[in-house]
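Asks:
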Amino acid sequence: MWSDRLWKQTSTKMNSSEQEMVKHLDQICGPLTVDLNLHSLSEYLATAVTWLRTEYRAEKERLSPSLSFSQQLL
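Take 1 as the starting number for the sequence shown in full-length UniProt numbering and just add one per residue.
1) Which two residues bound the contiguous alpha helix (DSSP H) that contains residue 25?
2) Kindly indicate which three-state DSSP category residue 4 falls into: helix, strand or coil?
3) Once DSSP output is grouped into helix, strand and coil, what is the label at residue 32?
4) Would you say residue 20 and residue 29 are within 7 Å of each other, going by their C-beta atoms?
5) What is the rounded straight-line gap between the Cα of residue 56 and the Cα of residue 35?
6) Are residue 58 and residue 25 touching if we call contact CB-CB under 7 Å?
Here it is, written out as structure tokens:
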């Protein structure tokens with residue numbers, strides 16, 4: 001199946017932190033498979049998006065003080 005082949009190709013190109021995230025998602029939500037029902041797929045995707053948003057916000061907050069400081073210099 002084309003989607004299965006694409007998924008395998010993508011998984012070989014992931015860095016270690018991306019692989020860890022998928023591994024953790026698989027442990028929490030169950031593995032992502034071609035025949036996964038829509039409810040399980042939705043839970044998997046919602047969990048992944050929540051984690052990515054949390055990581056984004058943390059990174060943004062971490063960088064904000066330095067941006068605020070540089071703006072104060074202007």
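Heads up, the beta-carbon is just placed ideally off N, CA and C, and yes, glycines get one too.
Replies: Taking the structure as given:
1) 16–29
2) helix
3) coil
4) no
5) 31 Å
6) no
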